[in-house]
Amino acid sequence: MITAAAEKDGVLVLVLEGNLEISKQSKLKDELQKQIALSSNMQILVDLRKVSFVDSACLGVFIGLARQVRKDGGDIRLAGLNDEVMAIFQMTRLDKVFQIFAANEQGISSYQSS
């Protein structure tokens with residue numbers, strides 16, 4: 000699930016790995032919330048380069064977390080989506096809800112320019 004968490008230029012970067020499916024929904028939510036609470040940083044970039052699939056249950060986790068973080072004045076942005084995962088975000092129109100970047104560096108610098 001989360002294989003790395005680090006702060007870079009004031010942005011919490013969370014690296015996820017594997018298939019994000021309903022059987023992992025609860026664990027994904029718990030891990031993401033824990034990392035955000037430990038950091039107290041509300042500028043978050045989720046690196047999905049090593050994620051090969053995301054189902055609707057885990058999309059719901061991202062949506063719920065984004066609501067929570069945005070309510071507290073922060074944001075969650077995504078980076079490194081492969082073609083299949085990007086297609087899922089486009090089909091569900093979540094590419095309009097999340098700012099999505101090709102690389103982490105672009106996502107991190109987007110916070111500096113906003």
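The sequence shown: position 61 = 60 (numbering that gives the first Met the number 0), numbered continuously. Virtual Cβ for every residue (Gly too), placed ideally from N, Cα, C. Given the structure is predicted, the values throughout are model-derived calculations rather than measurements.
Assigned exposure category for residue i - 16 Cβ within 10 Å defines buried
i, result
"Gly72", "exposed"
"Leu37", "exposed"
"Arg76", "buried"
"Ala114", "With the chain covering 0 to 113 only, the question about residue 114 has no answer from this structure."
"Ala65", "buried"
"Asp46", "buried"
Identified DSSP bridge partners for residue i
i, result
"Val12", "Ala5 and Leu44"
"Ala78", "Asp46 and Phe100"
"Phe88", "Answer is none; Phe88 lacks a bridge partner."
Three-state secondary structure (DSSP) of residue i
i, result
"Phe115", "Nothing about residue 115 can be reported from this structure: the residues present for the chain run from 0 to 113 only."
"Ser39", "coil"
Residue i versus residue j - alpha carbon distance
i, j, result
"Gln42", "Glu83", "26 Å"
"Gln111", "Ser25", "32 Å"
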